[in-house]
Amino acid sequence: MSEISQKPLHSPVDYTPSASGPHHPYGYDEIDLFELLFRLWDKKGLILMVTLVTTLIAGTYAFTAKEQWTVKAYVSPPRMAQFEDYLALRRAFARVSGINADAQAIANHLFGRFTEMVSSPNEKLAYLSETTYVKQQTESMEPQA
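Sequential numbering of the sequence shown, starting at 203, is according to our numbering.
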């Protein structure tokens with residue numbers, strides 16, 4: 203150990219210990235920052251070694267871990283305010299044609315139709331075939347593949 207780490211921390215001149223523990227006459231404890239810095243400097247090798255080992259472990263994990271991607275999507279029925287213009291047109295059409303224009307029935311019908319389209323394999327394929335990613339991945343492939 204070095205000479206600095208073996209000597210005790212020096213205390214303020216008018217320091218007097220009390221029964222309740224150490225107390226500074228001004229109501230706060232002082233820390234000698236230079237002495238703290240010297241003690242840290244003495245242990246710089248240990249600090250550097252711990253930092254490097256931790257960095258190597260984290261880097262090894264980051265570059266060797268298998269990527270895992272998870273996506274969850276929740277589809278909920280639309281609120282009335284989201285298609286107010288459509289409902290206004292539908293009500294006008296209902297007055298002329300005599301068809302029921304109940305807003306909740308329309309919303310349920312539209313949501314049902316949407317979920318049918320989302321679950322359809324043909325719709326999924328049609329959507330995915332138009333994305334940039336699929337186009338890039340399949341541009342060198344033959345059409346039948």
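The beta-carbon is built from N, C-alpha and C at its ideal position, and this holds for glycine as well.
Where does Thr257 sit, in a helix, a strand or coil, going by DSSP? Thr257 falls in the helix class under three-state DSSP.
State the DSSP-derived secondary structure class of Pro323, mapped to helix, strand or coil. The answer is helix: DSSP assigns Pro323 an H, G or I state.
Residue range of the unbroken alpha helix (DSSP H) whose run includes Arg297: Glu286 to Ser299 is the extent of the alpha helix (DSSP H) around Arg297.
Starting from Thr340, trace the alpha helix (DSSP H) both ways and give me its first and last residue. In the DSSP annotation of this structure, the continuous segment of the alpha helix (DSSP H) that includes Thr340 starts and ends at Thr334 to Thr340.
Can you tell me the Cβ-Cβ gap for Thr317 and Val277, rounded? I've got them flagged as a contact below 8 angstroms. Yes, Thr317 and Val277 are in contact; Cβ-Cβ is about 7 angstroms, under 8 angstroms.
Cα-Cα, which of Ile308, Ile233 and Ala328 is closest to Arg292? Nearest of Ile308, Ile233 and Ala328 to Arg292, Cα basis: Ile308.
Got a sec? Which residues, its chain only, sit under 8 angstroms from Val298 by beta carbon, not counting five neighbours each side? Contacts found: none.
At which residues does the alpha helix (DSSP H) containing Trp271 begin and terminate? No alpha helix (DSSP H) contains Trp271, which DSSP labels as neither H nor E.
So, with DSSP's three-state summary, where would you put Val277? When DSSP states are grouped into helix, strand and coil, Val277 belongs to the coil group.
Given Phe265, which residues of its chain have a CB within under 6 angstroms of its CB, disregarding the five upstream and five downstream residues? The answer is none, since no qualifying residue turns up.
Three-state secondary structure (DSSP) of Met251: Of the three classes helix, strand and coil, the one that applies to Met251 here is helix, per DSSP.
To the nearest angstrom, how far is the alpha carbon of Phe313 from that of Pro279? One alpha carbon belongs to Phe313, the other to Pro279, and they sit about 6 angstroms apart.
Starting from Glu237, follow the alpha helix (DSSP H) in both directions and report where the run begins and ends. Bounds of the alpha helix (DSSP H) holding Glu237 are Leu235 to Asp244.
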